[in-house]
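Residue numbers (the UniProt record's numbering): 1 to 714.
#1: In the DSSP output, which residue or residues are listed as bridge partners for residue 485?
#2: Does the Cβ of residue 471 have 16 or more other Cβ atoms within 10 Å, making it buried, or fewer, making it exposed?
#3: Name the one or two DSSP bridge partners that residue 603 has.
#4: Starting from the C-beta of residue 68, find all residues in its chain whose C-beta is less than 8 angstroms away, skip the five residues before and the five after it, and write them out in chain order.
#5: So, are the CB atoms of residue 143 and residue 130 less than 8 angstroms apart?
#6: Quick one: Cα of residue 204 to Cα of residue 139, how far?
#7: Here's the rule: buried if 16 or more other CB atoms are within 10 angstroms of the residue's CB, otherwise exposed. What is residue 698?
#8: Taking 8 angstroms as the threshold, find out whether the segment 511-527 comes into contact with the segment 546-554 through three or more Cβ pairs.
#9: Just mark residue 165 as buried or exposed, buried being the case when its beta carbon has 16 or more other beta carbons within 10 Å.
#10: When the Cα atoms are used, what is the spatial distance from residue 604 to residue 477?
#11: How do the segment 147-158 and the segment 166-183 stand: do at least 3 beta-carbon pairs fall below 8 angstroms, yes or no?
#12: What does the alpha-carbon distance come out to for the pair residue 763 and residue 503?
#13: Looking at residue 617 and residue 593, is the spacing between their C-beta atoms short of 8 angstroms?
#14: Between residue 465 and residue 683, what straight-line distance do the alpha-carbon atoms span, to the nearest angstrom?
#15: Using 8 angstroms as the cut-off, can you tell me whether the segment 634-643 makes contact with the segment 570-588, which would need three or more C-beta pairs spanning the two stretches below that distance?
#16: Give me the residue from 160, 97, 233, 463 with the minimum Cα distance to residue 221.
#17: Alpha carbon to alpha carbon, how far is residue 118 from residue 135? Give it in angstroms, no decimals.
#18: Are there 16 or more other CB atoms within 10 angstroms of the CB of residue 529, so buried, or fewer, so exposed?
#19: Indicate whether the contact test is met: 3 or more Cβ pairs, each with one atom in the segment 48-60 and one in the segment 88-104, closer than 8 angstroms.
#20: Look at the Cβ atom of residue 450, then the Cβ atom of residue 537, and state whether they are nearer than 8 angstroms.
#21: Start and end of the beta strand (DSSP E) containing residue 193?
#22: If residue 600 and residue 661 are in contact, beta carbons under 8 angstroms, what's the gap, nearest whole angstrom?
#23: Between the Cα of residue 608 and those of 587, 598, 562, 95, spot the shortest distance and give me the residue it belongs to.
#24: Which runs of the beta strand (DSSP E) at least 3 residues long sit entirely within the segment 168-232? Give them in chain order.
#25: Do residue 482 and residue 492 have their CB atoms nearer than 8 angstroms?
#26: For residue 59, count neighbouring C-beta atoms within 10 Å of its own C-beta (all shown protein chains included) and say buried if the count is 16 or more, exposed if not.
#27: Determine, using beta carbons only, whether residue 153 and residue 191 come nearer to each other than 8 angstroms.
#28: Leaving out five residues on either side along the sequence, give the residues of the same chain with a beta carbon under 8 angstroms from the beta carbon of residue 554.
#29: When burial is assigned at 16 or more other CB atoms within 10 Å of the CB, is residue 214 buried or exposed?
#30: How about residue 715 and residue 655: are their beta carbons less than 8 angstroms apart?
#31: Please return the same chain residues whose Cβ sits closer than 8 angstroms to the Cβ of residue 224, not counting the five positions on each side in sequence.
#32: Would you say the beta carbon of residue 595 is closer than 7 angstroms to some non-hydrogen atom of the ligand MN?
#33: For residue 327, count the other beta carbons within 10 Å of its own beta carbon; 16 or more makes it buried, fewer makes it exposed. Which is it?
#34: Quick one: what does DSSP say residue 571 is sitting in, helix, strand or coil?
#35: With DSSP as the reference, label residue 124 as helix, strand or coil.
#36: Between which residues of its own chain and residue 540 is the CB-CB distance below 6 angstroms, once the five residues before and five after are set aside?
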């Protein structure tokens with residue numbers, strides 16, 4: 001009887017399991033694939049991906065972003081550039097039929113799991129934050145393409161290539177791999193592309209001499225011994241930066257002889273600058289009339305004393321409020337706005353579609369997104385609030401009006417739209433309107449010169465200055481590549497942005513010259529200066545001035561020591577400085593430069609905690625997908641429809657101001673659901689006087705005038 005009862009219970013349990021499976025899986029997608037993708041989603045930290053759910057679901061019947069299916073089986077996942085974090089988990093081998101996984105250009109960490117799906121043909125994990133060693137690959141007998149470049153992988157390359165006879169492309173560059181090449185690499189009878197540059201590999205290259213390679217890059221390693229003669233016949237063979245190479249490196253791109261060898265300061269003396277380019281845009285008051293300057297100084301000193309007590313709280317909260325609402329008022333008018341840094345200048349060749357490029361969105365979704373921040377406010381201009389600008393020790397700081405118009409009349413301008421932009425409403429005719437550069441104009445100038453105002457570096461010199469781009473000198477990893485600290489021979493510190501392979505391949509030398517030329521013309525006290533560049537052997541690197549105190553994001557959320565220095569007045573100064581930098585890009589530069597990635601991690605702090613906006617002028621290099629800003633809390637609602645304008649930058653600036661005021665992250669999954677997105681949470685608080693005091697960072701208690709809370713009620 002007991003046995004009969006046990007069988008009944010087992011039948012009930014089996015029936016319940018089947019019902020749950022039907023409920024969760026919708027009865028179409030293979031349950032094993034549903035389990036595998038649920039496990040992956042959980043390991044990634046359950047990011048806000050359209051259509052994805054943490055439990056159950058039907059990926060092959062429902063629109064899960066980036067998921068491809070054949071019948072009821074998941075065959076591909078493509079989420080490159082989606083700002084994903086977390087790890088890969090341990091259940092990837094549960095996929096039954098998956099042949100392609102592309103998770104490149106994200107922030108995924110941890111180790112690469114050993115149990116990978118044996119059905120995979122293409123596996124792309126480049127430009128992430130993976131650590132540990134490369135797992136055994138011997139089970140991936142169907143693999144044709146493998147990219148693990150630009151991570152933090154260490155150890156030897158595993159000797160497991162015996163069965164990978166169909167592998168065509170292999171990229172392990174930009175890691176910290178050591179040891180010799182494994183003997184089994186000699187079995188890769190279909191391998192045509194092999195990239196191993198920027199590692200610490202040793203030994204000889206004999207194992208590669210019988211492979212059908214057409215593209216081999218082994219630069220910046222520790223290979224020794226003679227190079228096999230057969231490798232010298234490979235069409236694209238790059239081998240510099242190894243002990244066996246005793247030849248002199250080719251000359252770098254031409255630079256002006258007037259630039260001193262150790263010069264790394266982006267500000268150009270008048271004797272070296274082009275005739276029409278001002279010596280220093282931040283020193284514009286010297287070119288203004290004495291009467292105008294004296295009048296401005298008198299007015300500013302008169303206002304500062306009265307403004308300190310009355311407006312410091314209002315500028316932060318109302319500034320954020322204004323910025324968030326300004327977007328709504330002008331969104332429709334700006335639908336046709338032409339972005340600065342127009343892609344037509346650079347898109348000489350077709351771009352590979354990126355994640356979210358064709359994301360379907362309904363009018364209902366757009367309406368819902370707009371309602372979340374549906375508020376009305378007037379246009380915001382920093383000059384309208386210049387009387388509330390403060391600096392350390394109450395010293396006045398020059399307002400945006402002090403910045404002279406930037407002269408960009410040269411041909412090598414990297415941010416030209418396809419049509420002229422009308423003059424901005426806030427600046428006089430002193431600003432210079434530029435003629436746009438079109439693809440046709442680009443083809444006429446076959447060899448555009450790199451600007452003489454910035455220094456040309458070689459790959460070898462930057463490798464030396466960064467200790468072979470070591471992990472110890474890595475200071476940041478972003479959507480465009482990694483940033484390293486470098487010390488020049490004169491002791492000066494600089495930051496080297498090493499563009500990832502995807503971006504570098506899309507920038508030929510002509511296009512990169514246009515980019516560097518444009519960056520060299522962006523000169524403002526609150527924008528990071530471009531010091532130099534490198535364009536050798538297909539690599540693209542940009543050298544910037546170095547900021548010792550890191551990013552504003554780190555100061556607010558990670559670095560306790562710097563956080564203690566963020567007093568109320570310092571935060572006011574940071575907000576105004578960042579705003580002036582952004583307004584310079586929008587209003588002074590002609591045509592306007594849209595930042596497209598404005599956030600606290602792109603605001604650097606110098607020794608005096610003065611803010612400098614980074615990544616300015618790089619908008620066209622970013623993917624057309626705006627999933628990153630949507631998921632990290634900085635994105636305006638119109639990004640869901642693939643639209644980005646100047647107003648989107650202003651919305652992001654408003655989020656940064658709220659971040660400064662509240663010390664909360666724009667998106668924090670550890671908070672309750674109603675408080676995870678800072679903007680949604682803050683808007684509901686701004687109407688409640690009692691809630692305002694609770695919004696402010698508790699560490700600022702007593703350092704701001706709470707008596708002015710009533711002025712914030714709207």
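Beta carbons: idealized from backbone N, C-alpha and C, even for Gly. Please read these numbers as outputs of a predicted model, since none were measured by experiment.
Per the coordinate set shown:
#1: Answer is 495.
#2: By the 16-neighbour rule on beta-carbons within 10 angstroms, residue 471 is exposed.
#3: Beta-bridge pairing links residue 603 to 613.
#4: Answer for residue 68: 74, 75, 76, 77, 78, 100, listed in chain order.
#5: Not a contact, by the Cβ cut-off of 8 angstroms.
#6: Between residue 204 and residue 139, the C-alpha separation is close to 27 angstroms.
#7: Exposed: under 16 other Cβ atoms inside 10 Å.
#8: The segment 511-527 makes no contact with the segment 546-554; the number of CB pairs closer than 8 angstroms stays below 3.
#9: Exposed: under 16 other Cβ atoms inside 10 Å.
#10: One Cα belongs to residue 604, the other to residue 477, and the distance between them is close to 14 angstroms.
#11: Between the segment 147-158 and the segment 166-183 there are three or more C-beta pairs closer than 8 angstroms, enough to call the two in contact.
#12: Only positions 1 to 714 of the chain appear in this structure, which leaves residue 763 out of reach.
#13: In this structure, residue 593 sits near residue 617, with a CB-CB distance shorter than 8 angstroms.
#14: Approximately 47 angstroms between the Cα atoms of the pair.
#15: Too few Cβ pairs lie closer than 8 angstroms, so no.
#16: Answer by Cα proximity: 463.
#17: So the two alpha carbons sit approximately 13 angstroms from each other.
#18: Buried, since its Cβ has 16 or more Cβ neighbours within 10 Å.
#19: The segment 48-60 vs the segment 88-104: no contact.
#20: No, these two residues do not count as a Cβ contact at 8 angstroms.
#21: First-last of the beta strand (DSSP E) with residue 193: 193-195.
#22: Contact flag wrong, Cβ pair sits at about 12 angstroms.
#23: Closest option to residue 608, Cα to Cα, is 562.
#24: Runs found: 169-171, 176-179, 193-195, 215-217.
#25: Contact flag unset, no.
#26: Within a 10 Å sphere around the beta-carbon of residue 59 sit 16 or more other beta-carbons, which makes this residue buried.
#27: Inclusion of residue 153 and residue 191 in the CB contact set at 8 angstroms is not warranted, their separation being larger than that value.
#28: Sequence-distant partners of residue 554 (beyond 5 residues in either direction) whose C-beta falls short of 8 angstroms from its own C-beta, in its chain, are 562, 601.
#29: Residue 214 comes out exposed.
#30: What the structure shows of the chain is the stretch from 1 to 714, and residue 715 is not part of that stretch, so it cannot be assessed.
#31: Sequence-distant partners of residue 224 (beyond 5 residues in either direction) whose C-beta falls short of 8 angstroms from its own C-beta, in its chain, are 202, 203, 204, 242, 243, 244.
#32: No copy of the ligand MN occurs in the structure displayed, which carries no ligand at all.
#33: Residue confidence for residue 327 is low, a pLDDT of 49 falling below 50, so the modelled location carries little weight; the figure read from the coordinates is stated next. So residue 327 ends up on the buried side.
#34: The answer is helix: DSSP assigns residue 571 an H, G or I state.
#35: The three-state secondary structure of residue 124, taken from DSSP, is strand.
#36: If we look at residue 540 and ignore the five residues flanking it on each side, its Cβ neighbours are 499, 504, 507, 512.
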